[in-house]
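Reviewing the structure listed below.
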């Protein structure tokens, strides 16, 4: 499926065929490809919990406005923005060197410069950066899922406190989005879009 077709056909699907299993290897491939998303300083601030456990999903459902897709879809994903992702930059840049993306002689300077830059940011700015990076990752994931024949729906209506309590993650993981993934029982409905001149200005 070509990219334009994927973009046009991706819809928010809320009704899923039950008892459809997506192999772990396929979800891993979607995550692997999605991780090609851009991120500031290559910090890759996204973190993901893939939940297929029915008991846990039933516990989450009341804190997600009782939306049926939480339990009927093949899996429920929770996307987190790691607000402390800068703490991993040394390892990331060393991996860049190991994989040939960064000359070894530039490593020390790059690490020092990145640490110096992040030291100037407030906690709010670090959080905002992590949210932006994670949002880009999520969009990649939804389009890739559609291209591989799966449907998704992003959900922002949920209790972050409940997710923190039910899904054990570090305190610096900010719950950003829930997403159901599976095979559609009913197609998602279309919605209108603003005309280009209502949201874009060309400055020459």
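Numbering (our numbering), first residue to last: 72 to 275. Every residue gets a Cβ at the ideal spot worked out from N, C-alpha and C, and that includes glycine. All figures in this text were calculated on a predicted structure; none of them were measured in a lab.
Inter-residue spacing [alpha-carbon to alpha-carbon] between residue i and residue j
i: residue 178; j: residue 189; result: 17 Å
i: residue 239; j: residue 214; result: 28 Å
i: residue 96; j: residue 269; result: 42 Å
i: residue 223; j: residue 216; result: 7 Å
i: residue 135; j: residue 229; result: 4 Å
i: residue 162; j: residue 241; result: 19 Å
i: residue 153; j: residue 198; result: 8 Å
Other residues of its chain near residue i: CB distance less than 7 Å, five sequence neighbours each side excluded
i: residue 231; result: 246
i: residue 144; result: 87, 251, 252 and 253
i: residue 175; result: 168
DSSP beta-bridge partners of residue i
i: residue 252; result: 146 and 223
i: residue 246; result: 151
i: residue 257; result: 86
i: residue 122; result: 147
8 Å Cβ shell around residue i - same chain, five flanking residues per side excluded
i: residue 125; result: 142
i: residue 255; result: 84, 86, 87, 88 and 222
Close Cβ partners of residue i (< 6 Å) along its chain, the five nearest in sequence each way excluded
i: residue 155; result: 243
Buried/exposed call for residue i, threshold 16 Cβ in 10 Å
i: residue 273; result: exposed
i: residue 260; result: exposed
i: residue 98; result: buried
i: residue 85; result: buried
i: residue 249; result: buried
CB-CB length for residue i against residue j, believed under 8 Å
i: residue 208; j: residue 108; result: 4 Å
i: residue 146; j: residue 121; result: 6 Å
i: residue 148; j: residue 182; result: About 32 Å separates the two Cβ atoms, so there is no contact after all.
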